[in-house]
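Under this note's numbering, the final residue of the sequence shown carries the number 227; numbering is consecutive throughout.
Here is the structure we will look at, set down as structure tokens.
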Amino acid sequence: MSKQSILIIDDEALILDTMSKDLSEQGYQVDTARNGAEGIRKFRDVQHDLVVVDLVMKELNGIQVAKEVKELKPGTKIIFITGYGTRSSAIEALRLGASDFFIKPYNRNELFQRISSCFEDQKNSTHGMSKILLEKVETNSLSRKEKEVIALLLKGLSDKEIAFRLFISINTVKTHLKHIYEKLDIKGRKELLKLAIG
């Protein structure tokens, strides 16, 4: 089994060096970039499984980098880090599709736990789907968010609970569901659940 790959993008050399060493020791394949443009170039070449990116950088900031990464590979997990964090910036980062958000200086054990959780979530994003549903999901190019909505729906969560878990509005959940039903050519939740059973 190949190593999970992580790209760290930060304009602080100390963070890059320390975090790269910490994660390499945990068995991850790690690349680093000192700015957003370099990070995007490296991501294009390797298509890493997870990107850890500083929210505040000169020229390209973390959010701009995250948008580019998501366009290149929608399923990529993203963790934002920053020395200037607030609750509102954390919520904004999560709304933009980040898997997690934490403040510098980071705690090693917390970093390992959060990265492990991200990979676990990635592995479980198709949990509960039958082979038939998985094939339909992959064939019809559902977005990462649509896959997350399906995974939570299959766990029995209501639209309101899904909205809370994904930091989106109930109307956005309903829009995702509408797109899911259209892409899978089904009429609604009952048909989706039947497909999940297989």
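For glycine and all other residues, C-beta sits at the position ideal for the given N, C-alpha and C.
With DSSP collapsed to three states, give me the class of K174.
helix
Unbroken beta strand (DSSP E) run spanning D51, endpoints
Element bounds for D51: not the beta strand (DSSP E) but the alpha helix (DSSP H), A42 to E54.
Given this structure, state the Cα-to-Cα distance separating I38 from L206, to the nearest angstrom.
34 Å
Using a Cβ-Cβ cutoff of less than 7 Å, which residues in the same chain neighbour K102 once the five nearest sequence positions on both sides are dropped?
Q76
Would you tell me roughly how many angstroms separate the C-alpha atoms of D214 and G104, rounded to the nearest one?
22 Å
By the 10 Å Cβ neighbour count, where 16 or more other Cβ atoms means buried, how is K106 classified, buried or exposed?
buried
Return the chain-ordered list of same chain residues with a C-beta closer than 6 Å to the C-beta of M30, the five sequence neighbours on each side being excluded.
Unreliable positioning characterises M30 in this predicted model, as indicated by a pLDDT of 36, which lies under 50. The coordinate reading is nonetheless provided below. Within the same chain, M30 has no close Cβ partners at all.
Could you check the C-alpha separation between K212 and Y57 for me, to the nearest Å?
35 Å
Contact check, V81 vs I110, beta carbons under 8 Å:
yes
Consult DSSP for A62 and reduce its assignment to one of helix, strand or coil.
strand
Neighbourhood of I209 by C-beta distance below 6 Å, restricted to the same chain and skipping five residues each side
E175
Enclosing beta strand (DSSP E) for T105 [first to last residue]
T105 -> no beta strand (DSSP E), and no H or E assigned at all.
Can you grab the Cα-Cα spacing for the pair V94 / G65, in whole Å?
6 Å
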